[in-house]
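Undergrad: The letter at position 109 of the sequence shown is residue 1025 when you use my numbering, and the numbering goes up by one with no holes.
We treat Cβ as the ideally placed atom computed from N, Cα and C, and that holds for glycine.
Sharing a structure with you now.
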Amino acid sequence: QGTFKRQVEVGRVVLVNYGPDAGKLAVIVDIIDHNRALIDGPTTGVVRQAFSYRRMVLTPLVIKDLPRNVGQTALVKALEKNKVVAAWEQTAWAKKLEQRKVRAGLSDFDRFKVSKLKNQRRFAVGAAVAAAKKQTA
């Protein structure tokens, strides 16, 4: 496999990063050409459509042994069987995107509280490091 860990393949789960479906998951159902793929996300609300590779990001998740041009009902069954959405929500990538969404919705006072909590954490970590250094010395 070499340097590239994520291949464009049928069954690859993608994250749409452009357009009205931005932020939603879909699955590559068929490869049209070197610029576009047919994607479908029946459980996430992404309609079956030709989509440019530039407007999606390949995720590490793959549905194995998915036939080309699979129908929606079979795709829903495969998604539920492999628990793709649950697996995605457990990834650090999904957690980071959720954290960004939460942070974007914070008020000024909420941001102030977060900065105070960060200062408290930094002080506690520094005190623990100083105590460990003092104990070893």
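(1) When you compare each of Ala1020, Lys980, Leu931 to Thr960 by their alpha carbons, which one comes out closest?
(2) Out of Leu995, Ile944, Leu991, state which residue places its alpha-carbon closest to the alpha-carbon of Arg971.
(3) Following the continuous beta strand (DSSP E) through Asp908, name the residue where it begins and the one where it ends.
(4) If you draw a straight line from the C-alpha of Leu991 to the C-alpha of Gly1021, how long is it?
(5) Mark Asp949 as exposed unless 16 or more other C-beta atoms lie within 10 angstroms of its C-beta, in which case mark it buried.
(6) Can you have a look at Leu995 and say buried or exposed, based on whether 16 or more other CB atoms are within 10 angstroms of its CB?
(7) Given this structure, state the Cα-to-Cα distance separating Leu1013 from Ala1053, to the nearest angstrom.
(8) DSSP three-state call for Leu995: helix, strand or coil?
(9) CA-CA distance, Val1030 and Val926?
(10) Roughly how many whole angstroms lie between the Cα atoms of Ala1047 and Phe1039?
(11) What are the partner residues of Val1096, as DSSP defines its beta bridges?
TA: Taking the definition as stated:
(1) One-based indexing of the sequence shown puts residue 960 at position 44. Of Ala1020, Lys980, Leu931, the residue nearest in Cα terms is Leu931.
(2) Position 55 of the sequence shown, counted from the first residue, corresponds to residue 971. Residue Ile944 is the option with its Cα nearest to Arg971.
(3) The question about residue 908 has no answer here: the residues shown for the chain are numbered 917 through 1053.
(4) In the sequence shown, counting from the first residue as 1, residue 991 sits at position 75. In the sequence shown, counting from the first residue as 1, residue 1021 sits at position 105. Straight-line Cα distance between these residues: approximately 34 Å.
(5) Residue 949 sits at position 33 when you count from the first residue of the sequence shown. It is exposed - the Cβ of Asp949 has fewer than 16 other Cβ atoms within 10 Å.
(6) Stepping through the sequence shown from its first residue, residue 995 is reached at position 79. With 16 or more Cβ atoms within 10 Å of its Cβ, Leu995 is classed as buried.
(7) To locate residue 1013, count along the sequence shown from 1; it is residue 97. To locate residue 1053, count along the sequence shown from 1; it is residue 137. About 43 Å.
(8) Translated into the one-based positions of the sequence shown, residue 995 becomes position 79. Helix at Leu995.
(9) On the sequence shown, residue 1030 is found 114 positions in, with the first residue counted as 1. On the sequence shown, residue 926 is found 10 positions in, with the first residue counted as 1. So the alpha carbons of these two residues sit roughly 43 Å apart.
(10) By 1-based counting over the sequence shown, the position of residue 1047 is 131. By 1-based counting over the sequence shown, the position of residue 1039 is 123. Near 12 Å, if we compare the C-alpha coordinates of Phe1039 and Ala1047.
(11) Any answer about residue 1096 is impossible in this case: the structure gives the chain only from 917 up to 1053.
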